[in-house]
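Novice: Supplied in structure tokens, the structure appears directly below.
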Amino acid sequence: MKFRDAARVNGFVVLLIWFVLTIALAAVAVAGFVAFAQNQNAAALVGAIVACVLGVLLLLGITGLTVVNPNEAKVVQFFGRYIGSVSDPGFFSVLPLTDRRSISLRVRNFETQKLKVNDADGNPVEIAAVVVYKVVDSFKAAFAVDDYEEYVETQSEAAVRHLATTHPYDAHDDDRTSLRDGAEVASELTVELRDRTETAGIEVIEARITHLAYAPEIAQAMLVRQQANQVVAARTRIVEGAVGMVGLALDRLAAEGMVELDEERKAAMVSNLLVVLCGDRPTQPVVNTGSLYA
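Residues in the sequence shown are numbered consecutively from 73, following our numbering.
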């Protein structure tokens, strides 16, 4: 069994027909009872009783009237059997004596709790995500799962846990995706949630990480490691720039013939320049007033 549209007609038309027929049957019933009371006419009495029975049946006919709001669907059941769904907004009449369950088709969002889980490197992290979704199949949402909202919550937390265990918090290799790579991680989480919630007739529009941090017990140690990595990266950049500047200085001196240095003096000059350029504290200049070779 799958989703299908329920048979329906305009509710205002049905209401107008019911009103006209009710007045007509009421008039027939009253006239029949009056005729029987005056003339003891059995046929009139039978006609009045039939009119009353038809009036009762006609009263049952209006139990199929229902209002469908925008971005809402009505799942129609007739004594447990699925008749169909009505997703067009308006006032309709469906099969009488049916049970109609409302399913919201609005876009909604859900934020998971802060989950504590080990990442791919075994480090405990805290992670949470927000999931934006909507119902696209009212039949699956009503009958494929017990509660589609609870189903989305459970599957969201399971997907976030799986995502955290398959990626590290920080990727030290360029070919690995870390949890801090927002766009890639969000895309992967969205695809996985779509696969997980398709059974319930849910379309996941977007899923993104809203909270990501190391667990408190290792946060300080990881902060020190991150600072060390940044220092190493900065020092590497400084050394690369300093080497380039020293090479440029030696080339300019040689090209312009300002001074000729042997290999030992070049080595001393390179050493001094690297100390000045790579040092993390201000250097104190020393003026040599004697001979360069003294």
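Glycine is no exception: its CB is placed at the ideal position from the N, C-alpha and C atoms.
If distances are taken between C-alpha atoms only, which option among Q227, T184, A78 comes closest to G136?
Specialist: Sequence index remark: in the sequence shown, residue 136 carries index 64 (1-based). Nearest of Q227, T184, A78 to G136, Cα basis: A78.
Novice: F84: buried (16+ other C-beta within 10 angstroms of its C-beta) or exposed?
Specialist: Locating residue 84 in the sequence shown gives position 12, where the first residue counts as 1. So F84 ends up on the exposed side.
Novice: So does the segment 273-289 actually touch the segment 206-222, counting three or more Cβ pairs closer than 8 Å?
Specialist: yes
Novice: Just grab the DSSP bridge partners of G127 for me.
Specialist: Indexing the sequence shown from 1 puts residue 127 at position 55. In DSSP, G127 forms no bridge with anything.
Novice: Could you give the first and the last residue of the continuous alpha helix (DSSP H) run that contains G254?
Specialist: The residue given as residue 254 occupies position 182 in the sequence shown. Looking at the DSSP string, the run of the alpha helix (DSSP H) that includes G254 is 254-269.
Novice: Mapping DSSP to helix, strand and coil, what is P288?
Specialist: As a first step, residue 288 is located in the sequence shown; it is residue number 216 there, counting from the start. If DSSP states are grouped into helix, strand and coil, P288 belongs with the helices.
Novice: Of the choices V318, K188, V197, whose alpha-carbon is the least far from that of S250?
Specialist: Translated into positions along the sequence shown, residue 250 becomes position 178. Closest by alpha carbon: V197.
Novice: In chain order, what residues of the same chain lie with their CB nearer than 8 Å to the CB of N181, ignoring the 5 residues before and after it?
Specialist: For the purposes of this step, residue 181 is taken as the residue at position 109 of the sequence shown. V202, V203, V204, Y205.
Novice: Taking Cβ positions, are R76 and S165 nearer each other than 8 Å?
Specialist: Here residue 76 corresponds to residue number 4 of the sequence shown, with the count starting at 1. Here residue 165 corresponds to residue number 93 of the sequence shown, with the count starting at 1. Not closer than 8 Å, so no.
Novice: Going by DSSP in three states, H283 sits in which element: helix, strand or coil?
Specialist: Position 211 of the sequence shown, counting from 1, holds the residue named residue 283. Assigned with DSSP and collapsed to three states, H283 falls in strand.
Novice: From D191 to F215, what does the alpha carbon distance come to, in whole angstroms?
Specialist: Residue numbering aside, residue 191 sits at position 119 when the sequence shown is read from its first letter. Residue numbering aside, residue 215 sits at position 143 when the sequence shown is read from its first letter. Their Cα atoms are separated by approximately 36 Å.
Novice: Just list the residues that DSSP pairs V369 with in beta bridges.
Specialist: A question about residue 369 goes unanswered here, because the residues of the chain that appear run from 73 up to 366.
Novice: What is the DSSP secondary structure of Y223, counted as helix, strand or coil?
Specialist: For the purposes of this step, residue 223 is taken as residue 151 along the sequence shown, with counting starting at 1. Residue state, collapsed to three classes: helix.
Novice: For E222, which residues from the same chain have a beta carbon less than 8 Å from its beta carbon, with the 5 sequence-adjacent residues on both sides left out?
Specialist: As a working note, residue 222 is residue 150 in the sequence shown. Cβ neighbours of E222 beyond the five flanking positions: none.
Novice: Can you tell me which of the three DSSP states K188 falls into?
Specialist: The count along the sequence shown starts at 1 and reaches residue 188 at position 116. Secondary structure of K188 (DSSP, three-state): strand.
Novice: State the start and end residues of the unbroken alpha helix (DSSP H) segment that holds F105.
Specialist: As a working note, residue 105 is residue 33 in the sequence shown. 83-111 is the extent of the alpha helix (DSSP H) around F105.
Novice: Counting C-beta neighbours from all protein chains within 10 Å, is the total for Q185 16 or more, i.e. buried, or is it exposed?
Specialist: In the sequence shown, counting from the first residue as 1, residue 185 sits at position 113. Answer is exposed; the Cβ neighbour count stays below 16.
Novice: When you compare each of M317, P288, R266, V122 to E225 by their alpha carbons, which one comes out closest?
Specialist: Counting from 1 along the sequence shown, the entry for residue 225 is found at position 153. It is R266.
Novice: Taking the alpha carbon of S228 as the reference point, which residue from G254, D247, A279 has its own alpha carbon closest?
Specialist: Start at 1 with the first residue of the sequence shown, and residue 228 comes out as number 156. Taking only the C-alpha atoms, the option nearest S228 is A279.
Novice: Secondary structure at L167, three-state DSSP: helix, strand or coil?
Specialist: Start at 1 with the first residue of the sequence shown, and residue 167 comes out as number 95. Coil, per DSSP.
Novice: To the nearest angstrom, report how far apart L117 and V106 are at their CA atoms.
Specialist: Along the sequence shown, one-based indexing puts residue 117 at 45. Along the sequence shown, one-based indexing puts residue 106 at 34. Cα to Cα, the separation comes out at about 9 Å.
Novice: DSSP three-state label for V318, please.
Specialist: Residue numbering aside, residue 318 sits at position 246 when the sequence shown is read from its first letter. In the structure shown, V318 sits in a helix (DSSP, three-state: H, G or I).
Novice: Just the Cα atoms here: how many angstroms apart are G104 and A96?
Specialist: In the sequence shown, counting from the first residue as 1, residue 104 sits at position 32. In the sequence shown, counting from the first residue as 1, residue 96 sits at position 24. Near 12 Å, if we compare the C-alpha coordinates of A96 and G104.
Novice: Tell me which residues share the same chain as F372 and place their Cβ nearer than 6 Å to its Cβ, disregarding the 5 neighbours each side in the sequence.
Specialist: Since the first residue shown for the chain is 73 and the last is 366, residue 372 is missing from the structure and cannot be characterised.
Novice: Between G156 and chain D, is there a C-beta pair that is closer than 8 Å?
Specialist: In the structure shown, chain D cannot be found, because there is only a single protein chain.
Novice: In angstroms, rounded to a whole number, what distance separates the CA positions of R153 and R173?
Specialist: One-based indexing of the sequence shown puts residue 153 at position 81. One-based indexing of the sequence shown puts residue 173 at position 101. Going from the Cα of R153 to the Cα of R173 covers about 13 Å.
Novice: Taking DSSP's pairing of strands, which residues face V140 in a bridge?
Specialist: Position 68 of the sequence shown, counting from 1, holds the residue named residue 140. DSSP lists G162 as partners of V140.
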